[in-house]
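A.B. asks: Shown below is the structure under consideration.
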Amino acid sequence: MDRSRPLARRPLVTLLTAAALAASGLTALTSAARAADADLARNGGFESVLDGWTCTAGAVVNAPVHSGGAALKATPAGADNARCAQTVTVRPDSQYTLSGYVRGTYVYLGASGTGTTDVSTWAQSAPDWQRLTTTFRTGPATTRVTLYTHGWYGTGAYHADDISLTGPGGETGQPPAVPGGLTAGSVTPTGVTLSWSPVSGATGYAVYRDGTRVRTVTGTSTTVTGLTPSTAYAFQVAAVNDAGESARSATVTATTAERPDGGGSGDLPAHALVGYLHASFANGSGYTRLADVPDSWDVIDLAFGEPTTVTSGDIRFERCPVSECPNVESDAEFKAAVKAKQAAGKKVLISIGGQNGQVQLTTTAARDKFVSSVSAIIDEYGLDGLDIDFEGHSLSLNADDTDFKNPKTPVVVNLIAAVKTLKAKYGDDFVLTMAPETFFVQLGYQYYGTGKWGGQDPRAGAYLPVIHALRDDLTLLHVQDYNSGPIMGLDNQYHSMGGADFHIAMTDMLLTGFPVAGDAANVFPPLRPDQVAIGMPASVNAGNGHVSPAEVNKALNCLTKKTDCGSYATHGTWPELRGLMTWSINWDRFANWEFQKNFDAYFG
2 MDRSRPLARR PLVTLLTAAA LAASGLTALT SAARAADADL ARNGGFESVL DGWTCTAGAV
62 VNAPVHSGGA ALKATPAGAD NARCAQTVTV RPDSQYTLSG YVRGTYVYLG ASGTGTTDVS
122 TWAQSAPDWQ RLTTTFRTGP ATTRVTLYTH GWYGTGAYHA DDISLTGPGG ETGQPPAVPG
182 GLTAGSVTPT GVTLSWSPVS GATGYAVYRD GTRVRTVTGT STTVTGLTPS TAYAFQVAAV
242 NDAGESARSA TVTATTAERP DGGGSGDLPA HALVGYLHAS FANGSGYTRL ADVPDSWDVI
302 DLAFGEPTTV TSGDIRFERC PVSECPNVES DAEFKAAVKA KQAAGKKVLI SIGGQNGQVQ
362 LTTTAARDKF VSSVSAIIDE YGLDGLDIDF EGHSLSLNAD DTDFKNPKTP VVVNLIAAVK
422 TLKAKYGDDF VLTMAPETFF VQLGYQYYGT GKWGGQDPRA GAYLPVIHAL RDDLTLLHVQ
482 DYNSGPIMGL DNQYHSMGGA DFHIAMTDML LTGFPVAGDA ANVFPPLRPD QVAIGMPASV
542 NAGNGHVSPA EVNKALNCLT KKTDCGSYAT HGTWPELRGL MTWSINWDRF ANWEFQKNFD
602 AYFG
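Our numbering numbers the first residue of the sequence shown as 2 and each following residue consecutively.
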């Protein structure tokens with residue numbers, strides 16, 4: 002949130018440095034396919050959507066197409082070349098021909114893992130459909146080859162269709178046996194740990210929850226998360242190899258634990274209105290006394306507590322001075338207003354960070370100072386909890402930190418530990434909220450940290466390990482759906498601020514879960530709908546991305562009723578969505594309380 006001016010600049014993903022385009026000269030072999038040869042590519046015409054393909058930024062379109070009724074459209078962006086790939090079973094020491102039709106600028110078609118020389122071919126400029134073809138021979142021990150197509154960084158969308166791999170089929174054998182010994186271990190309010198016996202010949206295991214496949218793992222245990230407290234679930238597991246999937250195991254039923262008060266609603270109403278109050282500064286919106294905040298506001302975040310230095314961990318909350326805020330209340334009046342709000346059932350939190358308050362807990366000493374100094378603020382003013390509003394360069398990931406479930410970076414690990422310590426100190430009544438930007442959360446669908454090959458912004462998706470580690474303690478997550486660049490949604494399309502569509506797509510990602518950096522085996526689990534509020538600017542003065550009350554209501558209708566959804570198709574309906582957050586109470590007062598009045602009218 003911007004404390005000094007209504008609009009804020011937000012950096013986008015660091016682009017890869019420009020690279021010289023090069024392609025190996027290939028000599029086409031002309032041997033004809035033998036009678037026993039077959040097309041081994043699965044869904045090469047994309048008629049079954051993306052079945053068989055793994056794409057970082059691809060979607061199926063109905064036009065233009067080379068044949069049939071569908072084709073692939075993929076859009077490179079930032080450090081992503083929009084690669085789509087699939088792995089096929091082949092025969093060792095055998096000849097294959099790879100071909101396909103493409104449109105666009107710098108479109109590649111290739112094969113890797115051949116066991117001999119990996120091949121690729123490309124079209125520098127194809128304004129209409131152009132056929133690409135290349136051949137290769139598999140190595141003496143090669144049984145699997147990966148086919149792929151991709152574009153080039155920053156050159157726009159490309160299309161591909163009718164991709165085929167012609168040659169002798171591989172020996173796929175038989176699917177593995179059915180796993181046995183499935184048992185449910187420890188349970189939490191949102192997770193169940195499962196384990197089972199290994200199956201000979203299995204390369205992985207598919208886990209099913211209530212008949213729906215929810216993940217694939219390589220080991221013989223996993224924890225299924227994103228569940229609802231006090232709810233019974235039925236689990237099964239199947240073994241997988243190149244030949245297919247076994248039948249499912251016997252069903253095991255497990256019931257999640259009760260939700261702890263501190264990680265649940267925090268005694269909030271079914272639909273809550275959250276707002277930031279400029280308590281330590283004034284800007285064009287003017288100063289608003291805490292006692293003058295209308296009763297409609299259920300959670301009031303005091304902005305901001307800031308560190309003495311970026312890495313000190315020493316957080317101070319300095320109330321706005323009289324010279325800047327002539328109508329500021331005294332400390333005694335302010336503390337009395339906190340108690341009055343709490344008596345009326347409201348929650349008053351200290352928000353740490355903001356645009357100017359960079360916080361980097363690089364050491365354990367900074368971690369411990371963060372705990373003691375935040376505790377001092379909470380105790381002095383009798384507050385209900387903590388809002389984490391880390392922005393800018395507060396959180397970033399080290400190059401070797403690639404798993405959001407097991408973070409290594411000190412600033413991330415120390416923040417998680419500090420918040421858990423605060424939670425343990427204050428108990429179940431402690432209210433914990435977070436207000437990350439889309440850059441640190443939903444952007445993680447495409448990019449996570451520096452990426453496998455480096456060159457990406459290390460802050461991309463950096464909030465994900467914090468949210469995941471604290472999800473059982475988290476009262477509310479309200480991502481800032483403003484001051485944001487275009488973000489790719491689960492439909493693999495980019496969504497931009499300015500309408501209901503952006504809020505629908507961004508919120509759907511939180512409530513559905515998503516593969517991190519496009520890795521289907523590494524999924525960020527969904528949050529409960531009662532843990533999620535949508536962050537919006539209160540007025541056109543408050544920040545980029547303001548939408549009218551009509552667009553706000555369209556977003557709420559789509560997410561809670563599945564009406565007014567527009568072009569984006571959600572993956573569920575969530576009537577228990579907690580509500581709305583806004584920057585800020587001050588700016589809403591400046592705009593004659595438009596945001597608050599619309600919330601009150603919508604939720605009654």
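In this text, a Cβ means the ideal position worked out from N, Cα and C, and glycines have one as well.
Predicted model only: the values in this text are computed from it and were never measured.
(1) From Pro199, Ala255 and Tyr277, pick the residue whose C-alpha is nearest to that of alanine 239; which is it?
(2) Could you tell me which residues DSSP puts in a beta bridge with glutamate 246?
(3) Between the Cα of proline 516 and those of Asn493, Leu416 and Gly170, spot the shortest distance and give me the residue it belongs to.
(4) Using only the alpha-carbon positions, how far apart do leucine 471 and isoleucine 417 sit?
(5) Grab the span of the beta strand (DSSP E) containing tyrosine 277 for me, first residue to last.
(6) Can you tell me where the alpha helix (DSSP H) holding histidine 469 begins and where it ends?
(7) For the pair the region 468 to 483 and the region 572 to 591, tell me if three or more CB-CB distances fall below 8 Å.
(8) For threonine 31, count the other beta carbons within 10 Å of its own beta carbon; 16 or more makes it buried, fewer makes it exposed. Which is it?
(9) Which same chain residues end up closer than 7 Å to valine 294 when comparing Cβ atoms and leaving out the 5 residues on each side of it in sequence?
(10) List the DSSP bridge partners of serine 222.
(11) Of all the options Ala258, Thr451 and Val541, which has the alpha carbon lying nearest to the alpha carbon of alanine 518?
(12) Run through the region 372 to 402 for me and flag every whole beta strand (DSSP E) of 3 or more residues, listed as ranges in chain order.
(13) In chain order, what are the residue ranges of uninterrupted beta strand (DSSP E) at least 3 long that sit wholly in the region 287 to 365?
(14) Would the beta-carbon of threonine 136 be found less than 7 Å away from any heavy atom of the ligand HEM?
(15) Curious, which full-length beta strand (DSSP E) runs of at least 3 residues does the region 40 to 65 contain?
(16) Quick one: grab the DSSP three-state call for asparagine 493.
(17) How is the alpha helix (DSSP H) around leucine 528 delimited, first residue to last?
(18) Out of Ala521, Ala337 and Cys85, state which residue places its alpha-carbon closest to the alpha-carbon of lysine 74.
(19) Assuming the contact rule is C-beta atoms closer than 8 Å, glycine 354 and glutamate 392 should be a hit. Round their C-beta distance to whole Å, please.
(20) Output yes or no for whether 8 Å exceeds the beta carbon distance between valine 169 and glycine 245.
(21) Identify, in the order they occur along the chain, each residue of the same chain with its Cβ nearer than 6 Å to the Cβ of aspartate 601, setting aside the five sequence neighbours on each side.
(22) Going by DSSP, what residues sit across from glycine 111 in a beta bridge?
(23) Let me make sure I understand the geometry here. Which of Phe335, Gly573 and Gly186 has the alpha-carbon closest to that of phenylalanine 236?
(24) Can you tell me which residues form a DSSP beta bridge with leucine 99?
(25) Taking three-plus beta-carbon pairs below 8 Å as touching, is the region 362 to 372 in contact with the region 308 to 326?
(26) Here's the rule I'm using: 16 or more other beta-carbon atoms within 10 Å means buried, otherwise exposed. How should asparagine 82 be labelled?
(27) Compute the Euclidean distance between the alpha carbons of leucine 228 and threonine 191, then round it to the nearest angstrom.
(28) Alpha carbon to alpha carbon, how far is leucine 362 from valine 414?
(29) Just how far apart, CA to CA, sit glycine 544 and glycine 499?
(30) With a threshold of 16 other CB atoms inside 10 Å of the CB of arginine 35, please say whether the residue is buried or exposed.
(31) Is there contact between the region 267 to 274 and the region 573 to 581, where contact requires at least three CB pairs shorter than 8 Å?
(32) Less than 8 Å between the CB atoms is what I'm expecting for isoleucine 505 and leucine 560, so what's the real figure, rounded?
(33) Please name the residue in Ser165, Thr147, Thr143 and Tyr154 whose C-alpha comes closest to that of threonine 134.
(34) Looking at the structure shown, is lysine 409 part of a helix, part of a strand, or coil, going by DSSP?
(35) Valine 1 and tyrosine 288: beta carbons closer than 8 Å?
(36) Tell me whether threonine 118 is buried or exposed, calling it buried when 16 or more other Cβ atoms sit within 10 Å of its Cβ.
C.D. replies: Checking against the coordinates, here is how it stands:
(1) Position 238 of the sequence shown, counting from 1, holds the residue named residue 239. It is Pro199 whose Cα lies nearest to the Cα of alanine 239.
(2) The residue given as residue 246 occupies position 245 in the sequence shown. Per DSSP, Val241.
(3) What you label residue 516 is simply residue 515 of the sequence shown in a count that begins at 1. Ranking Asn493, Leu416 and Gly170 by Cα distance to proline 516 puts Asn493 first.
(4) By 1-based counting over the sequence shown, the position of residue 471 is 470. By 1-based counting over the sequence shown, the position of residue 417 is 416. Distance between the alpha carbons of leucine 471 and isoleucine 417 is about 7 Å.
(5) As a position in the sequence shown, residue 277 is number 276, starting the count at 1. Its beta strand (DSSP E) spans residues 273 to 279.
(6) Your numbering for residue 469 matches position 468 in the sequence shown. Taken as a continuous stretch (DSSP letters only), the alpha helix (DSSP H) holding histidine 469 covers 465 to 470.
(7) By the Cβ test, the region 468 to 483 is in contact with the region 572 to 591, since at least three Cβ pairs between them sit closer than 8 Å.
(8) By one-based count along the sequence shown, residue 31 stands at place 30. Residue confidence for threonine 31 is low, a pLDDT of 35 falling below 50, so the modelled location carries little weight and cannot support an answer.
(9) Residue mapping note: residue 294 aligns to position 293 of the sequence shown, counting from 1. For valine 294, where only same-chain residues beyond five positions count, the Cβ hits under 7 Å are Leu278, Ile301 and Ile586.
(10) In the sequence shown, the residue the question calls residue 222 occupies position 221. In the DSSP output, where bridge partners are listed per residue, serine 222 has Ser196.
(11) Counted from its first residue, the sequence shown places residue 518 at position 517. Residue Thr451 is the option with its Cα nearest to alanine 518.
(12) For the beta strand (DSSP E) assignment, the uninterrupted runs of no fewer than 3 residues enclosed by the region 372 to 402 are, from N- to C-terminal side, 386 to 391.
(13) Runs found: 300 to 308 and 348 to 355.
(14) With respect to the ligand HEM, the structure shown offers nothing to examine, as it has no ligands at all.
(15) Fully enclosed beta strand (DSSP E) runs of 3 or longer: 59 to 62.
(16) Taking the first residue of the sequence shown as position 1, residue 493 is located at position 492. Correct three-state label for asparagine 493: coil.
(17) Taking the sequence shown and counting its residues from 1, one reaches residue 528 at position 527. For leucine 528, no alpha helix (DSSP H) encloses it, and the DSSP letter there is neither H nor E.
(18) Residue mapping note: residue 74 aligns to position 73 of the sequence shown, counting from 1. It is Cys85 whose Cα lies nearest to the Cα of lysine 74.
(19) Walking along the sequence shown from the start, residue 354 turns up at place 353. Walking along the sequence shown from the start, residue 392 turns up at place 391. About 6 Å separates the two Cβ atoms, so the contact holds.
(20) Start at 1 with the first residue of the sequence shown, and residue 169 comes out as number 168. Start at 1 with the first residue of the sequence shown, and residue 245 comes out as number 244. Note on identity: in this sequence residue 169 is proline, with valine being the wrong assignment. For the pair proline 169 and glycine 245, the CB atoms are not nearer than the 8 Å cut-off.
(21) If you number the sequence shown from 1, residue 601 lands on position 600. Correct list, in chain order: Ser297.
(22) In the sequence shown, residue 111 corresponds to position 110, counting from 1. Under DSSP, glycine 111 forms a beta bridge with Ser121 and Tyr149.
(23) Start at 1 with the first residue of the sequence shown, and residue 236 comes out as number 235. The shortest C-alpha separation from phenylalanine 236 is found at Gly186.
(24) Along the sequence shown, read from residue 1 onward, the residue named residue 99 stands at position 98. Residue pairing by DSSP puts leucine 99 in a beta bridge opposite Thr135 and Leu166.
(25) Here the region 362 to 372 lies against the region 308 to 326, with 3 or more beta-carbon pairs under 8 Å apart.
(26) In the sequence shown, the residue the question calls residue 82 occupies position 81. Taking a 10 Å sphere around the C-beta of asparagine 82, we find 16 or more other C-beta atoms and assign the residue as buried.
(27) By 1-based counting over the sequence shown, the position of residue 228 is 227. By 1-based counting over the sequence shown, the position of residue 191 is 190. So the two alpha carbons sit approximately 4 Å from each other.
(28) Reading the sequence shown from its first residue, position 361 is the one you call residue 362. Reading the sequence shown from its first residue, position 413 is the one you call residue 414. Using only the alpha carbons, I get a separation of about 9 Å.
(29) One-based indexing of the sequence shown puts residue 544 at position 543. One-based indexing of the sequence shown puts residue 499 at position 498. Computed Cα separation, rounded: 11 Å.
(30) For the purposes of this step, residue 35 is taken as the residue at position 34 of the sequence shown. With a pLDDT of 44 at arginine 35, under the threshold of 50, the modelled position of this residue cannot be trusted; read the value that follows with caution. An exposed status is given to arginine 35, since fewer than 16 other beta-carbon atoms sit within 10 Å of its beta-carbon.
(31) The region 267 to 274 is in contact with the region 573 to 581.
(32) Along the sequence shown, one-based indexing puts residue 505 at 504. Along the sequence shown, one-based indexing puts residue 560 at 559. In this structure, isoleucine 505 and leucine 560 form a Cβ contact; the two beta carbons are roughly 6 Å apart against a cut-off of 8 Å.
(33) In the sequence shown, residue 134 corresponds to position 133, counting from 1. If we check each option's Cα against that of threonine 134, Ser165 comes out closest.
(34) Translated into positions along the sequence shown, residue 409 becomes position 408. If DSSP states are grouped into helix, strand and coil, lysine 409 belongs with coil.
(35) Given a span of 2 to 605 for the chain in the structure shown, any question on residue 1 remains unanswerable.
(36) Stepping through the sequence shown from its first residue, residue 118 is reached at position 117. With fewer than 16 other Cβ atoms within 10 Å, it is exposed.
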